[in-house]
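To start, the structure itself, in structure tokens.
Number of protein chains: 2
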Amino acid sequence: MPANAPHRPAKAATKAATGAQSPPRRPRDSLNRAVILDAAIRIAERDGLDGLTFQALGKDLGAHATAMYRHFRDKDELLLEMIDELRERSYGGALTSTGRWQDDLRLQAHSIREHYLRYAAFAQQMAPRSTHRSMEIANTEFALSALARAGLDDDESVLYLRLFGNYIRAMSSLEAGVQSLDPGLRAKDRVEWQVAAEGLDPATYPIVHRLGARMLPYDDPRVFDLGLELMIAEIERIGAARR
Amino acid sequence: MPANAPHRPAKAATKAATGAQSPPRRPRDSLNRAVILDAAIRIAERDGLDGLTFQALGKDLGAHATAMYRHFRDKDELLLEMIDELRERSYGGALTSTGRWQDDLRLQAHSIREHYLRYAAFAQQMAPRSTHRSMEIANTEFALSALARAGLDDDESVLYLRLFGNYIRAMSSLEAGVQSLDPGLRAKDRVEWQVAAEGLDPATYPIVHRLGARMLPYDDPRVFDLGLELMIAEIERIGAARR
DNA sequence: ACCTGAACACCGTTCAAGT
DNA sequence: ACCTGAACACCGTTCAAGT
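So the sequence lines, in the order shown, correspond to chains Z and G.
For the first sequence, position 150 matches number 149 in numbering that gives the first Met the number 0, and the numbering has no gaps at all.
For the second sequence, position 234 matches number 233 in numbering that gives the first Met the number 0, and the numbering has no gaps at all.
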């Protein structure tokens, strides 16, 4: 039996011979966007974004791969819906204010960062795309409210909203990117700095030669907070000067 | 003639019939990493990363698609080499110091950012990966030297090097990601904020309702410098306190 | 040793056919 | 109306065969 024959021209015959029959047809209307989205997220979490194919989706759902096209225009539409659904699941309800604008910004920054790291495979797709769904608008209102309470005027608010938002998404996306790399490759990375530093000419690269062994990994967790506190301190300064 | 038959089983026969013959065989050793890299970069700049396939490469070079496998282990190795080659082309020689550490950091930040925006399709691949090639080590020495002249000690230097480096790569990568999106989609984005803001309930979203029309795009160029200056000012403060 | 040709095991997507 | 089956036009990668 030519088990690996491509494009099996005699599939039906093989089936008849082995007694295998088509899996039961999926009952009508049992497939819908919610069910497909659910399976897609489950598959992506298990096998990564590369593992998410229409064939895998069909297998998981017991349906034909092309059945998805009745519910999503193409794969990109599926992906966008997944991003939105994940967002909904992660910070379901709106954030509740802590009472202090500084802590509100910290809370928001960390909740977004955790979301990106939890769904690291999606991070690079999420960061530059806005959905304008209610979740995003609620988040924007939350941040703008904190900036207003800090004492920023309208012009400053829209500017610092972008710095704050971009910083959080960009840095989280980078961390997620690092963590999505092959683990073996990342381990090699750290060692290589040490090796490279030791083998270096101390005359041309004196500081790298001296500090190479103490270099921090790209995703050192202290870095995110360091920049975050810098922004909060600056916002505090601007607000105080304005009063 | 079945022009669109897949996996053309009668290719040789067709060729003989039409009189077409195999293109001239590529002369021995005319293919090498440099030549392939050059073509790959040309193709990627013209057709984007999605257009860069071994088939396109073969066509461009007048060689068989699989000939590349003699020179690169797989596509990922080709991609890494491309990233490194582009880096080499962008900021060819090492940066030369301006004499002021603040301006050195600004120079480096902007040259890296321009590099990311110029090769926006690669940005998301470049950001989280380090190559440990000479270019990267020279850049690291340059930044560490600036931080040392600012007055930072070793611990502070390695920490702020990461913040500085991650900020630049992360923010540049985000901007590149935005600019890689479909242009039509980006235009829609800006309008949608305005529409969303106007249709909003002013009671639940008072600030977004008021400021929605003035929202800045994700890739507003002022944002990058705003954060950059924040970091430089902080480094200045730390250095001054230490003296 | 270097390049080609054919094959393998996939993809996303379209569309006529089944139910 | 919803789902299936077959096909189309691609991918990256392997490997035996040509030169």
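Quick reminder that beta carbons are idealized off the backbone N, C-alpha and C, glycines included.
Item: Chain Z within 8 Å of G/GLU76, Cβ atoms only; Value: no
Item: Z/THR139 at chain G interface by Cβ criterion, 8 Å; Value: yes
Item: Buried versus exposed call for Z/GLN54 [16 or more other C-beta atoms within 10 Å across all chains shown]; Value: exposed
Item: Positions along the stretch 169-197 of chain Z whose CB lies within less than 9 Å of some CB in chain G; Value: ALA169, MET170, SER171, SER172, LEU173, GLU174, ALA175, GLY176, VAL177, GLN178, SER179, LEU180, LEU184, ASP188, GLU191, TRP192, VAL194, ALA195 and ALA196
Item: Cβ contact (3+ pairs, closer than 8 Å) linking the stretch 59-73 of chain Z and the stretch 25-43 of chain Z; Value: yes
Item: CB contact below 8 Å: Z/TYR90 versus chain G; Value: no
Item: Pairwise C-alpha distance: G/MET134 and Z/ALA195; Value: 12 Å
Item: Same chain, Cβ closer than 6 Å to Z/ALA108, five either side skipped, listed in chain order; Value: ILE167 and LEU227
Item: Reduced DSSP secondary structure (H/G/I, E/B, other) of G/GLY98; Value: coil
Item: Neighbour-count burial assignment, G/GLU113, 16 or more Cβ in a 10 Å radius; Value: exposed
Item: Neighbour flag for G/GLY226 against chain Z, beta carbons, 8 Å; Value: yes
Item: For G/TYR204, the first and last residue of its enclosing alpha helix (DSSP H); Value: No alpha helix (DSSP H) contains G/TYR204, which DSSP labels as neither H nor E.
Item: Positions along the stretch 125-152 of chain G whose CB lies within less than 8 Å of some CB in chain Z; Value: ALA126, PRO127, ARG128, SER129, HIS131, ILE136, ALA137, THR139, GLU140, LEU143, SER144 and ALA147
Item: Whether G/LEU104 touches Z/PRO127 by CB criterion (8 Å); Value: no
Item: Between the CA atoms of G/TRP100 and G/THR151 - distance to the nearest angstrom; Value: In the sequence under discussion, the amino acid at residue 151 of chain G is Leu, which differs from the Thr named in the question. About 12 Å.
Item: Chain Z contact residues for G/ILE206, given Cβ-Cβ distances below 7 Å; Value: GLU140, LEU143, SER144 and ALA147
Item: Outcome for G/THR139 when other beta-carbon atoms lying within 10 angstroms are tallied against a minimum of 16; Value: buried
Item: Assigned secondary structure, G/ARG236 (DSSP; H/G/I helix, E/B strand, else coil); Value: helix
Item: Sequence-distant residues of the same chain with beta carbon closer than 7 Å to G/GLY47, five excluded per side; Value: ALA120
Item: Chain G contact for Z/GLN101 (CB, 8 Å cutoff); Value: no
Item: Collapsed DSSP secondary structure at Z/ARG128 in the structure displayed; Value: coil
Item: Straight-line gap, G/VAL222 to Z/ASN165 (C-alpha atoms, nearest Å); Value: 8 Å
Item: Nearest-angstrom Cα separation, counted from Z/ALA43 out to Z/GLN178; Value: 16 Å
Item: Short CB-CB distance (under 8 Å) between G/GLU44 and chain Z; Value: no
Item: Z/ARG161 classed as buried or exposed, judged by whether at least 16 other C-beta atoms fall within 10 angstroms; Value: buried
Item: Short CB-CB distance (under 8 Å) between Z/GLU80 and chain G; Value: no
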